[in-house]
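What follows is a set of notes on a single structure, which appears directly below.
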Ligand code: E4P
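In this note's numbering, the protein residues as written are -5 to 208.
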C-alpha cells in the first residue's frame, strides 16, 4: 500500500515528502479553503514538490462543466488527477476525461456499487471514505474489503484509495483489507512514526553511550 497525504498545506507536503514515503497528494475543496490561497497557484506549488498523483477536485456539478474544469486542472501539470464526486454527472465526466487521457479520482464513495460504477466509467482511482462511514456507525473497512474483492474477481484495474483516514489503525487495516493507497492527514502520518518504546529505547541507548567507560 502506498502513502498519499490528504492536505493542501505546502509545509505538510514538504515535510511528508522529506520522509521519503510519499507517493501522492489528495486535496478537496474544504482543505483548499483552509489555506486561503488561489487554488491553481497552490496546485502549481504542490505539483512542483511531488511527482506522483496530485488530486484536484472539480467544484461544478454538471457533467459538461466538470469536464471543462477537469481539462483546465489537468493543464496545470502532467501529474494532476481530476477528482470528481460520485454522481451520475460525475460518472459522465469521468468517462469523458478518461477518453481524453486524463486521470480521475472518484470521491465520496460510500458503497461498493458506487466503486464499481466509477471503475467502469474509467476511474483511475476510487476513494471510499472510511472515517465518515465509521462516524455514522457503519464499517468503513468492510467497504474497502468488499471493493477489493470485487475488483480482484473482475480484474478491475482502478486503484482503491482509502480516504477519510482518522488514526493509525485505519492505516494498518486499510493495508490489510486491500487498499492500494491510503491518503492520510499530516497529523496521522506523524503518529505512524511514533511508539513510546522507540523513544524510551533511544533515551536508554544514549544514556548508556554517554556513561560508557572511556
Ligand atoms: C479524500 O480524498 C478526502 O480529501 C478526505 O480523505 C476526506 O476526509 P475527511 O472525512 O476527514 O474530511
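We put the CB at the ideal spot given by N, CA and C, even for glycine. Quick caveat, the model's predicted, so the values are computed rather than measured.
What does DSSP give as the partner residue(s) for residue i in the beta ladder?
i, result
"residue 86", "Answer is none; residue 86 lacks a bridge partner."
"residue 77", "51, 99"
"residue 177", "-2"
"residue 120", "100, 154"
Looking at C-alpha atoms only, which residue of the options is the closest neighbour of residue i?
i, options, result
"residue 33", "2, 95, 79", "2"
"residue 102", "91, 162, 92, 82", "82"
"residue 156", "93, 181, 127", "127"
"residue 49", "56, 57, 78", "78"
"residue 115", "91, 130, 136", "91"
"residue 224", "28, 154, 30", "Residue 224 is absent from the model: the chain starts at -5 and stops at 208."
"residue 98", "104, 117, 87", "117"
Residue i: beta carbon under 6 Å from a heavy atom of the ligand E4P?
i, result
"residue 125", "yes"
"residue 157", "yes"
"residue 0", "yes"
"residue 20", "yes"
"residue 292", "Since the first and last residues shown for the chain are -5 and 208, residue 292 lies out of range."
"residue 140", "no"
"residue 17", "no"
"residue 209", "Residue 209 falls outside the range modelled here, since the chain spans only -5 to 208, and no answer is possible."
"residue 121", "yes"
Between which two residues does the alpha helix (DSSP H) carrying residue i extend?
i, result
"residue 153", "Looking at the DSSP string, residue 153 is not in any alpha helix (DSSP H); the run it does join, the beta strand (DSSP E), is 153 to 156."
"residue 19", "Element bounds for residue 19: not the alpha helix (DSSP H) but the beta strand (DSSP E), 16 to 20."
"residue -2", "Unbroken run through residue -2 is the beta strand (DSSP E), -4 to 0; no alpha helix (DSSP H)."
"residue 24", "23 to 29"
"residue 165", "162 to 170"
"residue 7", "4 to 12"
"residue 216", "Because the chain is modelled from -5 through 208, residue 216 falls outside the range shown and cannot be assessed."
"residue 130", "Note, residue 130: premise wrong, no alpha helix (DSSP H); not H, not E."
At which residues does the beta strand (DSSP E) containing residue i begin and terminate?
i, result
"residue 139", "That residue, residue 139, is in no beta strand (DSSP E); its alpha helix (DSSP H) goes 134 to 147."
"residue 72", "No beta strand (DSSP E) contains residue 72, which DSSP labels as neither H nor E."
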